[in-house]
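The sequence shown begins at 1 in the working numbering and counts up one residue at a time. Glycine included, every Cβ here is placed at the ideal spot set by N, Cα and C. None of the values given here were measured: they were computed from a predicted structure.
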Amino acid sequence: MKSFLAFHISCVILSLPRSVPLNTSALSVARNQLCNVDHLLQPFSSLQELSLSHNLLARFPRGLPSSLESLLLQENRLTYITSGALRQLGNLTHLDLEDNYIRAIQPGALQGLTKLQVLTLKGNKLTSLPLNLPPSLTHLDLSLLIYDASYLCSV
């Protein structure tokens with residue numbers, strides 16, 4: 001079966017259309033009004049790049065395919081990252097969480113991300129960082145991270 005290289009949907013959708021081929025390797029559903037994509041993307045076993053940026057997601061999506069290498073979640077409404085949220089994403093090399101409302105990343109949330117190289121956290125409301133960042137990390141963007149000037153963040 002022929003694999004789709006990329007599939008881009010940006011037309012103010014509220015849910016993922018059934019017409020998206022399951023063998024898609026790159027999917028962008030950025031700039032829509034998605035509130036919840038839990039388990040909708042799990043059947044996409046070839047998916048390597050996913051952009052859910054500029055949507056209305058208030059929590060980290062559940063049931064994402066383990067094949068993901070790049071996950072873009074900028075400008076959503078995420079407030080925290082739970083310890084199990086990224087557990088199945090061991091192939092992830094790039095995670096962008098820029099400009100959300102993240103106040104906390106629970107201990108162990110980044111555990112198991114042994115291939116993660118790029119993590120973008122700028123523009124959130126974090127006052128501290130989780131311990132034990134993945135040793136594979138080569139780029140950590142914390143620009144404008146300090147939410148409360150009286151509280152220092154340390155890496």
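By the C-beta density criterion, T114 is exposed, having fewer than 16 other C-beta atoms within 10 angstroms. Within the same chain, and ignoring the five residues on either side of P130 in sequence, the residues whose Cβ sits closer than 7 Å to its Cβ are I105, P107, A109 and L110. In the structure shown, the three-state DSSP call for I102 is coil.
Counting only the Cα atoms, C35 lies some 15 Å from Y80. In the structure shown, the three-state DSSP call for D141 is strand. Judged by DSSP in its simplified three-state form, S51 adopts strand.
Ranked by Cα distance from L78, the options T93, K122, R87 and F60 are led by F60. Nearest neighbour of N91 by Cα position, chosen from V37, G123, L47 and P17, turns out to be L47. When the Cα atoms are used, N23 and E69 turn out to be separated by approximately 15 Å. Non-local C-beta neighbours of T138 in its own chain, meaning closer than 6 Å and more than five positions away in sequence, comprise Q117, ordered along the chain. A direct Cα-Cα distance of roughly 22 Å separates L73 from P135.
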